[in-house]
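Heads up, the thing below is written out as structure tokens.
Protein chains: 2
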Amino acid sequence: MTNIRDVARLAGVAPITVSRVINGADSVTEDTRQRVQQAIDQLHYVPNSLARSLRSRQSRTIALIVSDITNPFWTTVARGVEDTASENDYRTMLCNTDENPAKETNYLNLLVERRVDGVIIAPTTRDKEQLALLKQLQVPCVLIDRRVDGFKADQVYGDSHTGARLLIDHLIDLGHRRIALINGPSTISSAQDRADGYRESLEAHGVAVEEDLVFQGSFKQESGYRLTGQALARDPRPTAIFAANNFIALGVLQALQEAGLCVPEDIALVCIDDVPYLSAIDPFLTVAAQPAYEMGESAARLLIERLTTHRTGKVREVVLAPQLIIRRSCGQGQHTA
Amino acid sequence: MTNIRDVARLAGVAPITVSRVINGADSVTEDTRQRVQQAIDQLHYVPNSLARSLRSRQSRTIALIVSDITNPFWTTVARGVEDTASENDYRTMLCNTDENPAKETNYLNLLVERRVDGVIIAPTTRDKEQLALLKQLQVPCVLIDRRVDGFKADQVYGDSHTGARLLIDHLIDLGHRRIALINGPSTISSAQDRADGYRESLEAHGVAVEEDLVFQGSFKQESGYRLTGQALARDPRPTAIFAANNFIALGVLQALQEAGLCVPEDIALVCIDDVPYLSAIDPFLTVAAQPAYEMGESAARLLIERLTTHRTGKVREVVLAPQLIIRRSCGQGQHTA
DNA sequence: TTGTACGCGTTATCAT
DNA sequence: ATGATAACGCGTACAA
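These protein sequence lines map, in sequence, to chains X and Z. Heads up: the first sequence begins at 57 in the working numbering, then just goes up one per residue. Heads up: the second sequence begins at 57 in the working numbering, then just goes up one per residue.
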């Protein structure tokens, strides 16, 4: 592939002059600019951004590390990040950890080797040692959706605590008292927040928390499916289920269907995160939807600001409110005592 | 950030020796290897892959250019590509064109500047000039989901023609005769194939194609919504609608709902591409699902093979069969003549 | 086994 | 306004 020197030679100038033309410097005569441009076109010259990054010490690339891009929540977050990055002339590298800390570590190494300018990450655990590499090498970092104990970094997350409270409040208003929680792992802050909101709402309404209705697993469909089996075995059976995220809710639905239970006639169901498409046919699932696109936007904005203007300075925190969307999955009124 | 020379200095060896240790060359004494490793750990040295790529002339990065990662079809394709790339130690850059040729051109420029080793692309148009840059610079390329007239490259796509035939055959079996087609733009080969399949099936069953039941727009929900309005105005009204992809189907559903029409009681609906999650509650939409993950896998495999072993050689083509999934959206039997 | 010299393509710095 | 020189961090070729 032709390089800047080939162009310079053809145009009869020094390489640096070509560089100036490429980068739109104004200290170039219109005449030479044209000669250079002609040579560029003629040779189909394309600048090598690897060399440029090596020299300039910035790759104009950021990374987004999430659990699974297949989850519509993360897909939407990703578009928010990408669009914002693009507008600011940054590229995004997308990484899926599948909630596996080992994969996360691999990606972090890889990204540092590639000298990404910054990282947006939804960590697999709340252990800051997992992110030690970023601290060591001082790679700018924004935590998204999940906090990490004692890790000093910008943060963007949805208010899961409030989201959970809104949902449980709603169920209690409808008369539910035996509400099962199918949660993700307590090693993830958002799972913790959702459990806290669940407990607080129950207590605020004078309903005792029954520990045998609280289930912990992963944020995946399979886990929701499995734990729902256990929840349904409780006697008396819960009248409502709170799924801690959208994938868990799908697992719950699957289990309920197999058990021959209809939502909302036989049992109520609510969850955090919307499930797009599910509402297309028939407004169905009551959810506390997190503003996924905005979360991505915010995170990218915070990161890019730190990369450009204030590289150092106080850590910032953006907490976005969830939106309660009431649909028929709670069977309004039907369960009222 | 520390570089290979810092490490060499600390370990008391030449930079090349450090390089050898990093790359696991066996021509290094265990003793020096340890000294070097110690220096690496002590300095938190991380190799710079930009420099490495510049030198080795390969970035170990491929690009995946699609219309919109928000579409679960593309999300799944993307995972197929990413997983396969990862296994082979390649990274993937994801790009969204939003079906906009200008964005596509921008990305192509950008990717070539970044010296990606290869590109997997679902082109916005069937015009090969749009991809001229790749040809010029001889960047290995795999077309996915869509063909381009006269563009010589490996290809992976679903058999849309057959998919459409299966769906229309099914509708006709159920007694439907007035079947509207809500299609994407004819500038995209898959839209063309779907229209062809639609026509062939009708003709094979002795049903005349009524041109005023054929609608062309984009592959987006809004387009499906808008065109359905027109389709419903036909007299007599079609008894079934064939949506050319999943997003169009969502738009159709939306329009039908607003028109107070129930699927399948009042009108039947089928489409190409599954809509995940939609089937979680209640098996609903009859679809011809394309094997999205496998398409991604195949494309990545073809590309990587070309990057490694046979860089040149015959163009290869992989055509994957769609899977007909019959659900209740057709109202089996209800429309039988 | 280890090292020297140079090149990958670009830009920063300083000079003219 | 333009250029010469060196440097970014690494790996190849060849020498010791």
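We treat Cβ as the ideally placed atom computed from N, Cα and C, and that holds for glycine.
Note down the Cα distance separating residue i from residue j, rounded to an integer number of angstroms.
i	j	result
S242(X)	D183(X)	12 Å
Y333(X)	A299(Z)	15 Å
R233(X)	N301(X)	21 Å
H391(X)	A264(X)	Only weak support exists for where H391(X) lies, its pLDDT of 37 falling under 50; the value from the coordinates is given anyway. When rounded, the distance between both Cα atoms is 19 Å.
E259(X)	G214(X)	23 Å
V374(X)	S216(X)	13 Å
T161(X)	Q186(X)	7 Å
A36(X)	I228(X)	Outside the displayed span of chain X (57 to 393) sits residue 36(X), for which this structure offers no information.
V270(Z)	P320(X)	40 Å
A126(Z)	A336(Z)	The sequence given here places Thr at residue 126(Z); Ala does not occur at that position. Roughly 19 Å between the two C-alpha positions.
N165(X)	N79(X)	32 Å
E314(Z)	V331(X)	21 Å
E169(X)	N152(X)	18 Å
Y101(X)	Q93(X)	10 Å
L309(Z)	D329(X)	22 Å
E143(Z)	L376(Z)	22 Å
R367(Z)	L359(Z)	9 Å
R203(X)	G280(X)	23 Å
R116(Z)	K159(Z)	24 Å
R357(X)	I176(X)	11 Å
R147(X)	V122(Z)	15 Å
R290(X)	R384(X)	25 Å
Kindly indicate the opening and closing residues of the beta strand (DSSP E) around residue i.
i	result
M149(X)	R147 to N152
Q272(Z)	V270 to Q272
L193(Z)	No beta strand (DSSP E) contains L193(Z), which DSSP labels as neither H nor E.
T117(Z)	T117 to V122
G285(X)	Unbroken run through G285(X) is the alpha helix (DSSP H), Q277 to A289; no beta strand (DSSP E).
V375(X)	E373 to L376
I60(X)	Element bounds for I60(X): not the beta strand (DSSP E) but the alpha helix (DSSP H), I60 to A67.
A236(Z)	I235 to N239
L325(Z)	A324 to I328
Below 6 Å CB to CB, which residues in the same chain sit around residue i once its five sequence neighbours on both sides are set aside?
i	result
A251(Z)	N239
L167(X)	A119
A348(Z)	F129, T132 and V133
Determine the contact status of residue i and residue j, defining contact as a CB-CB distance below 7 Å.
i	j	result
V212(X)	A119(X)	no
L380(Z)	L237(Z)	no
L99(Z)	D62(Z)	yes
Q277(Z)	G307(Z)	yes
D124(X)	D145(X)	no
D197(Z)	A178(Z)	With the sequence shown as reference, residue 197(Z) is identified as Cys, and Asp is not the correct amino acid for it. No, these two residues do not count as a Cβ contact at 7 Å.
R91(X)	A67(X)	yes
I11(X)	V77(X)	Any question about residue 11(X) goes unanswered here, given that chain X covers just 57 to 393.
F303(X)	F275(X)	yes
V137(X)	G352(X)	yes
Q394(Z)	P294(Z)	A question about residue 394(Z) goes unanswered here, because the residues of chain Z that appear run from 57 up to 393.
L150(Z)	L150(X)	yes
A296(Z)	C327(Z)	no
Q324(Z)	G219(Z)	Looking at the sequence shown, residue 324(Z) is not Gln but Ala. No, the Cβ-Cβ distance between A324(Z) and G219(Z) is not below 7 Å.
Leaving out five residues before and five after residue i in sequence, what residues of the same chain have Cβ atoms less than 7 Å from its Cβ?
i	result
T181(Z)	P157 and T243
R113(Z)	none
L363(Z)	D173, G174 and P196
D225(Z)	S257
Alpha helix (DSSP H) containing residue i: first to last residue?
i	result
G307(Z)	N302 to E314
L166(X)	P157 to E169
E256(X)	S245 to A260
E86(X)	E86 to L99
E185(X)	From DSSP, E185(X) is part of no alpha helix (DSSP H); its letter is neither H nor E.
Q346(X)	Unbroken run through Q346(X): none, as it is neither H nor E.
F129(X)	P128 to E143
V102(Z)	V102(Z) -> no alpha helix (DSSP H), and no H or E assigned at all.
Sorry if obvious, but does the Cβ on residue i come closer than 6 Å to a heavy atom of the ligand SAM?
i	result
D225(Z)	Summarising the ligand content, the structure contains no ligands, and the ligand SAM is consequently not present.
Can you list, in chain order, the residues of its chain whose CB lies under 8 Å from that of residue i, leaving out five sequence neighbours each side?
i	result
L193(X)	V168
A395(Z)	Because chain Z is modelled from 57 through 393, residue 395(Z) falls outside the range shown and cannot be assessed.
V371(Z)	K208, A209, D210 and Q211
Which residues of the segment 184–217 of chain X have a Cβ closer than 7 Å to any Cβ of chain Z? Give them in chain order. Q192 and L193
Selection of the segment 155–176 of chain Z by Cβ proximity to chain X, strictly under 8 Å: N165, L166, V168, E169, R170 and R171
Any C-beta of chain X within less than 9 Å: which residues of the segment 309–335 of chain Z qualify? L309, Q310, Q313, V319, V331, P332, Y333 and L334
Output needed in chain order: residues of the segment 106–120 of chain X with a Cβ under 9 Å from some Cβ in chain Z. L106, A107, R108, S109, L110, R113, S115 and T117
May I ask you to list, following chain order, the residues of the segment 85–104 of chain X that have a beta carbon less than 9 Å from some beta carbon of chain Z? H100, V102, P103 and N104
For the segment 222–248 of chain X, which residues have a beta carbon sitting closer than 7 Å to at least one beta carbon of chain Z? none
Given a limit of 8 Å on CB to CB distance, which residues of the segment 129–152 of chain Z reach chain X? Under the 8 Å Cβ criterion, the segment 129–152 of chain Z contributes T131, T132, A134, R135, E138, R147, T148, M149, L150 and N152.
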